[in-house]
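Here is the structure we will look at.
In structure tokens:
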């Protein structure tokens, strides 16, 4: 599993979009029991904290200690530094495992083997993510130029799974139809928009390689187009669900 986000952990916590309550509630309703959930690659704990309303105990792991330092402290949420593919939890311990906007960084085979070990019989794995931001036509064109032309060569190869809405990730679980139709809508200031763009891993790779921030190359044009907008942004959401079946 890659760690592309420790360097901008604070910005990630501040500017990355959360997931809507109706989506979290729908995911939480899938397992037969709500005793223990595990949020893998939790980052700043967004999903873990949301799940805490529905489960007796939520465990949240990440390989980045800096990311975990940004996570809210909630009484029934326990954080630890652990990789997705090899954890220290007992067999058949969890009713639900979630992965949000991170599975494309994993060693798929090793992770699915671990998830199968950790989940109870009929336990659920829910893999979710969000696509590219949508705003207004002019701003979208500017953002797409940043995404494809300016930082395009700096995206990790795994990014293609996000572009393909997770439809092409290997899914080594007994998959079932997932609840759908979710999207995230926000009203953002220009500062929030550029703050989000600066959390892109490709932007950070560009900065490391060139010593300059690529967001600055489109900032004036983007600000001009944003002034004509009402600040509305939309993130399309995607979800895949698998369940463990055993006969023993």
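Residue numbers (the working numbering): 671 to 918. The C-beta atom is built at its ideal place from N, Cα and C for all residues, glycine as well.
| query | result |
| --- | --- |
| Buried/exposed call for residue 712, threshold 16 Cβ in 10 Å | buried |
| Rounded separation between residue 679 and residue 777 - CA only | Residue placement at residue 679 is flagged as unreliable, the pLDDT there being 46, under the threshold of 50; the coordinate-derived value follows with that caveat. In a straight line, the C-alpha of residue 679 is about 22 angstroms away from that of residue 777. |
| Residues that DSSP places opposite residue 913 in a beta bridge | 794 and 844 |
| Chain-order list of residues whose beta-carbon lies under 8 angstroms from that of residue 705 (same chain, five-residue window excluded) | 725, 726, 727 and 765 |
| Backbone secondary structure at residue 799 - three-state DSSP | strand |
| CB-CB length for residue 877 against residue 816, believed under 8 angstroms | Between residue 816 and residue 877 the Cβ distance is about 13 angstroms, and since that is not below 8 angstroms, they are no contact. |
| Residues near residue 674 by beta carbon distance below 6 angstroms, same chain, minus five either side | Residue placement at residue 674 cannot be trusted, given a pLDDT of 45 that sits under 50; the coordinates are not used to answer. |
| Counterpart residues of residue 732 in DSSP-defined beta bridges | 751 |
| Three-state secondary structure assigned by DSSP to residue 902 | strand |
| Beta-carbon gap between residue 718 and residue 747 smaller than 8 angstroms | yes |
| Beta bridge counterpart(s) of residue 855 as assigned by DSSP | 904 |
| Contact check, residue 856 vs residue 896, beta carbons under 8 angstroms | no |
| Residue range of the beta strand (DSSP E) that includes residue 766 | 764 to 770 |
| Environment of residue 811 [buried if 16+ CB atoms lie within 10 Å] | exposed |
| Residue 709 beta carbon less than 8 angstroms from that of residue 730 | yes |
| Per-residue DSSP class, three states only, for residue 707 | strand |
| Where the alpha helix (DSSP H) containing residue 888 begins and where it ends | 885 to 896 |
| Assigned secondary structure, residue 723 (DSSP; H/G/I helix, E/B strand, else coil) | coil |
| Environment of residue 672 [buried if 16+ CB atoms lie within 10 Å] | The pLDDT assigned to residue 672 is 49, lower than 50, so where the model puts this residue is not dependable, and the model offers no usable value. |
| Straight-line gap, residue 720 to residue 890 (C-alpha atoms, nearest Å) | 36 angstroms |
| Same chain, Cβ closer than 7 angstroms to residue 906, neighbours up to 5 away in sequence not counted | 800, 801 and 853 |
| For residue 903 and residue 804, believed in contact at Cβ under 8 angstroms, the rounded distance | 7 angstroms |
| Close Cβ partners of residue 824 (< 6 angstroms) along its chain, the five nearest in sequence each way excluded | 872, 875 and 876 |
| Residue span of the alpha helix (DSSP H) that contains residue 860, given as start and end | 860 to 867 |
| Residue nearest to residue 772 in terms of C-alpha spacing, selected from 745, 818, 835 and 762 | 835 |
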